[in-house]
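Following: one structure in structure tokens, then a few remarks.
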Amino acid sequence: MAHPTRTGPGTGTGTAAGPGSGTGTAARPVTRPAAGPAARRAVVTGGAGFVGSHLCDRLRAQGTEVVCVDNLLTGSLDNLADRAGDPGFTLRRHDVCEPFDVDGPVDLVVHLASPASPHDYARHPVETLRAGAHGTHNALELARRKGARFLLTSTSEVYGDPLVHPQPETYWGNVNPIGPRSQYDEAKRYAEALTTAYRTARGTDTVIVRLFNTYGPRMRPTDGRAVPAFITQALAGRPLTVAGDGSQTRSLCHVDDTVAGILAAAAAGHPGPINLGNPAELTILQLAHRIRALCGSASPVEFVERPGDDPSLRRPDITLARTALGWQPAVGTDPGLAATIAWFARRPVGVGA
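Sequential numbering of the sequence shown, starting at 1, is according to UniProt numbering.
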């Protein structure tokens, strides 16, 4: 197998707040370029999901009226509890794979709707592919009709199991089109192609961002991702199940930083794609030990079979995000994990499963 080209943590693109970063302050200050005015009215597909609900909250905080479109396949009304009674927020329970319209003007359409965790897209492979194809088409059509800016939240999964490390936006990826993760990887790759086609052929104002591993409050305990799995296991005193030998790496970005990056991309003029993630890299085994320590848990680590097509390396090159958006992560890994652990600890066992 070809070995990935890698610059390694702390070289090449630099690092942001990450493991052991103490205060969680970004590695160096950046000057955010002048942004366009905040959208007056936004449509957020998948707005009841983990990232989508945080985005809805942030949009409302800046005074943007929000229409959330979600079929609640993987989203939850619990995530929208803070929006109850908010006159500037509307929830439309609708499958974006079916055409839809919104009355009145719209300035921004953000398309997040899709199963996004390994357990979800394994359970819903056809729905995942349809969200990337039909859902993206319908959201793009809404943006085109309204003359709105369209922002696609793509994913680091478009890089597959990368042979280049860290991953710049110019890297085409190493993706198995028929593997166990292919429904999500290929859905997002198609969504990027369709978004690009609408920009070049139909003049739609589009932006593509590629989200790397994001964590924080409102993750579901059973969604199959490492952070909620390790936290719930450590809090319950159960063994922390590490896939393989735990040497595979991830780059964790707190949801507050991810949402800030999405809004920066929505306000800027760059069409992307733009990586949004934390270039501070750690292994899955390091993550398990970090979470166990922050939980004050004595849980043992148990090694289990590694899933097929599980990426060996994952770290974004965020040079473009820094230069085009003036964005980089500001939340340190330890403070971010501690806040996420505190959120999970306040929830009854099984809630949000």
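We put the CB at the ideal spot given by N, CA and C, even for glycine. Here the structure is a predicted model, which means the values were calculated and not measured.
Coil, strand or helix - residue i by DSSP
i	result
E305	coil
G296	coil
T155	strand
C56	helix
H137	helix
G277	coil
V175	coil
D70	strand
A321	helix
G160	strand
V255	helix
P33	Because P33 sits at a pLDDT of 37, beneath the cut-off of 50, its placement in the model cannot be relied upon, and the following sentence gives the value as read from the coordinates. If DSSP states are grouped into helix, strand and coil, P33 belongs with coil.
V102	coil
R189	helix
A268	coil
A26	In this prediction, A26 has a pLDDT of 34, which is less than 50 and means its spatial position is unreliable; nothing more can be read from the coordinates.
Assigned exposure category for residue i - 16 Cβ within 10 Å defines buried
i	result
V242	buried
D103	exposed
P99	exposed
V255	buried
V175	buried
T126	In the sequence as presented, Thr is not what sits at residue 126; that position holds Val. Looking at its Cβ environment, which holds fewer than 16 other Cβ atoms inside 10 Å, V126 is exposed.
residue 360	As displayed, the chain neither begins before 1 nor continues past 353, which places residue 360 out of reach and without an answer.
D107	buried
I178	exposed
A42	buried
S247	exposed
DSSP beta-bridge partners of residue i
i	result
Q167	P316
R149	L108
L282	R250
R93	D70
Y215	H254
T241	E302
I341	Note: I341 sits in no beta bridge, so no partner.
Expected contact under 8 Å - CB spacing of residue i and residue j to nearest Å
i	j	result
N79	H94	N79 to H94, Cβ: 17 Å. No contact.
R130	V207	23 Å between Cβ atoms; not a contact.
Margin query: Assess contact between the region 323-330 and the region 257-266, defined as three or more Cβ pairs (one per stretch) separated by less than 8 Å. Is contact present?
Written below: yes
_Quick test of the definition: if touching needs 3 or more C-beta pairs under 8 Å, does the region 219-234 touch the region 265-275?_
no
Looking at C-beta atoms only, is the number of pairs between the region 218-230 and the region 184-191 that lie closer than 8 Å three or more? no
Below 8 Å, can you find three or more Cβ-Cβ pairs linking the region 191-203 to the region 136-153? yes
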